[in-house]
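Residue numbers (my numbering), protein chains in the order written: chain L, 2 to 110; chain S, 5 to 301.
Working notes, beginning with the structure itself.
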């Protein structure tokens, strides 16, 4: 059976960031061609994790660079980021991540 | 500020159409109730499977709401997506909100999910009729770029009230499907004028398939939904047979090879050849002059 149809799943974890505190989970973006959705939720511990599920396979080094850039711009802790991607460019991914962080910074429960 | 309904995402439509901060979502994205089929095909899932459902207020009235995301799989109804719609409608039949408002944007069944999607859509139809039978009006709003086709087109016509913009399209088989099955001589799917003359909001409004024609504006959709919120159409055999008689008369009364303009003339629309250039207000007058209006009571 051909395995060429499999989604690529990536996992990133950062520590040492600033705790974001409690917030209502938020969803930004849409899973459409060249686009992605980003779900942000609070985590109990002090880590910042990012799970990526993408239809564009073979771009792990680029995702790594985009995530490193995200960590530098938003050093956060207690955050779980989940991404469903349909071939978004790195710039679009970064904008969606910024949008998601802006949602967290909005009204608190 | 005016906002294009077509340009909004499913969630932006909910946010802007209903009373501010009144939406309470059921099975939100964080529940991760996603498609069990897509990953096997190498297609990423969406955390809400392309539809947001919940409770909101519209002009103070309690409404149950579903909003389909056209950008995700063309709004296609998969197993989970369909089950969310069915659950919402069944809950409406039980809890009796003031209405159910469906913000439809869908190509119909999500082909990746085949039979599961087909069964889902048929269950949605049944549950729309059940909600209506229990006394809850069901409205559908159509104004997204993907239109409302296939099984969702049938679902739309199972409701009490259909509100469309001129951008909105409603039909069974989409343009490409008709061309593929009957040939380009029968239907050229790239002929945008033809596509809108046969499935677009103006045509559906003139023919009576849609009750309200609004501009592509979120506020206009909101105002129309408020005006028609409590309107119910009897879902009984008599009304179905009357509809069939009307369609039969129109079919047999049409001249051979009639196009949309000939059809509009046939049902008594003046200035039929100008329809494509007229705005929704002018269209409302034309339909009213032809004695074809159905008003909110």
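Positions of the beta carbon are idealized from the N, C-alpha and C atoms, including for glycine.
In this text the structure is predicted, and so the values were computed from the model without any measurement.
CB-CB length for residue i against residue j, believed under 8 Å
i             : j             : result
residue 271/S : residue 249/S : Actually they are not in contact, since the Cβ atoms of residue 271/S and residue 249/S sit about 14 Å apart, beyond 8 Å.
residue 128/S : residue 159/S : 5 Å
Contacting residues, own chain, Cβ-Cβ under 6 Å from residue i (five flanking each side not counted)
i             : result
residue 40/L  : 28, 83
residue 112/S : 153, 154, 155, 156
residue 167/S : 145, 216, 228
residue 52/L  : 12, 83
residue 49/L  : 15, 18, 77, 78, 80
Residue i at chain L interface by Cβ criterion, 9 Å
i             : result
residue 18/S  : no
residue 141/S : no
residue 44/S  : yes
residue 118/S : no
residue 76/S  : yes
residue 34/S  : yes
residue 203/S : no
residue 108/S : no
residue 12/S  : no
residue 73/S  : yes
residue 194/S : no
Cα-Cα separation, residue i to residue j
i             : j             : result
residue 93/L  : residue 36/L  : 7 Å
residue 80/S  : residue 7/L   : 21 Å
residue 87/L  : residue 11/L  : 14 Å
residue 139/S : residue 57/L  : 48 Å
residue 98/S  : residue 70/L  : 50 Å
residue 114/S : residue 57/S  : 18 Å
residue 60/L  : residue 13/L  : 14 Å
residue 216/S : residue 126/S : 26 Å
residue 70/S  : residue 20/L  : 35 Å
residue 142/S : residue 96/S  : 10 Å
residue 3/L   : residue 43/S  : Because residue 3/L carries a pLDDT of 44, less than 50, the predicted location of this residue cannot be relied on, and no value is offered for it.
residue 119/S : residue 85/S  : 13 Å
residue 283/S : residue 173/S : 16 Å
residue 30/L  : residue 38/S  : 16 Å
residue 110/S : residue 106/L : 33 Å
residue 121/S : residue 76/S  : 15 Å
residue 78/S  : residue 290/S : 33 Å
residue 46/S  : residue 117/S : 13 Å
residue 214/S : residue 19/S  : 24 Å
Element boundaries [beta strand (DSSP E), containing residue i]
i            : result
residue 72/S : 65-72
residue 57/S : 55-62
Cβ-based neighbour list, residue i, same chain, cut-off 7 Å, excluding 5 preceding and 5 following
i             : result
residue 293/S : 274
residue 32/L  : 38, 85, 87
Residue i - containing alpha helix (DSSP H), residue span
i             : result
residue 83/L  : Not the alpha helix (DSSP H): residue 83/L falls in the beta strand (DSSP E), residues 80-86.
residue 65/L  : 61-74
residue 127/S : 118-137
residue 156/S : 155-161
residue 199/S : 196-203
residue 84/S  : 83-99
residue 104/L : 91-105
Cβ of residue i within 9 Å of any chain S Cβ
i             : result
residue 110/L : Note that residue 110/L has pLDDT 49, beneath the 50 cutoff, so the model's placement of it is unreliable and no number is given.
residue 11/L  : no
residue 91/L  : no
residue 86/L  : yes
residue 7/L   : yes
residue 79/L  : no
Proximal residues to residue i (C-beta, below 8 Å), its chain only, five neighbours per side dropped
i             : result
residue 262/S : 270
residue 36/S  : 51
residue 192/S : 183, 198
residue 90/L  : 35
residue 185/S : 177
With 7 Å as the C-beta to C-beta threshold (strictly closer), list the residues of the region 38-69 of chain S near chain C in chain order. Of the protein chains in the structure, L and S, none is chain C.
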